[in-house]
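Visitor:
Residue numbers (the working numbering): 2 to 141.
Set out below in structure tokens:
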């Protein structure tokens, strides 16, 4: 099973990520985001960061998660290649706990691909069939 794929959107890039669980689909969404920025196979998992997000539904949770990944990238000047996500649903909300691992940006080592300016809600979706499929578009 493929972890993620990209689709064309005018002036932006969209992706779909997949997983046998919602956790795995979110982990693969993180991988998709950082493969837009750089080649994640060249990013070592030297430093870990952990965070928790609470959202009212799965789509909002996806948006908030991707925003948090972009925040850590921009503020910590890091690239990430390993994503460990645990999502729990309560009666009123979804709670995501994540540990992401990577290393400081070194453009002599890391391939510079495309800068992501923002995460968008446009066409964002979370679907469950025989597996989970997440869809998102990022502004370049």
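Glycine included, each C-beta is placed from N, C-alpha and C at the ideal position.
My assumption, with CB atoms under 8 Å, is that residue 63 sits in contact with residue 99. Please give the rounded CB distance.
Guide: So it is not a contact: roughly 12 Å between Cβ atoms.
Visitor: Going by C-alpha to C-alpha distance, which of 21, 115, 84, 122 sits closest to residue 47?
Guide: 84
Visitor: Which residue wins for smallest C-alpha separation from residue 11, given the options 123, 108, 134?
Guide: 123
Visitor: Cβ of residue 20 within 8 Å of Cβ of residue 138?
Guide: no
Visitor: Sorted by chain position, which residues of the same chain lie with C-beta nearer than 6 Å to residue 51's C-beta, five sequence neighbours on each side aside?
Guide: Taking residue 51 as the centre and dropping the five residues before and after it, the same chain places the C-beta of 100 closer than 6 Å to its C-beta, in chain order.
Visitor: Is it the case that the Cβ atoms of residue 110 and residue 43 are separated by a distance below 8 Å?
Guide: Taking 8 Å as the Cβ cut-off, residue 110 and residue 43 qualify as a contacting pair.
Visitor: Since residue 123 is in the beta strand (DSSP E), which residue starts that stretch and which ends it?
Guide: 119-129
Visitor: If you measure between the beta carbons of residue 27 and residue 56, is that distance less than 8 Å?
Guide: no
Visitor: Quick check on residue 2: buried or exposed, where buried means 16 or more other Cβ atoms within 10 Å of its Cβ?
Guide: exposed
Visitor: If you draw a straight line from the C-alpha of residue 91 to the C-alpha of residue 129, how long is it?
Guide: 18 Å
Visitor: Can you tell me the Cα-Cα spacing of residue 77 and residue 105, whole angstroms?
Guide: 8 Å
Visitor: Please look up how many angstroms separate the CB atoms of residue 69 and residue 54, rounded, as I've assumed it's under 8 Å.
Guide: 6 Å
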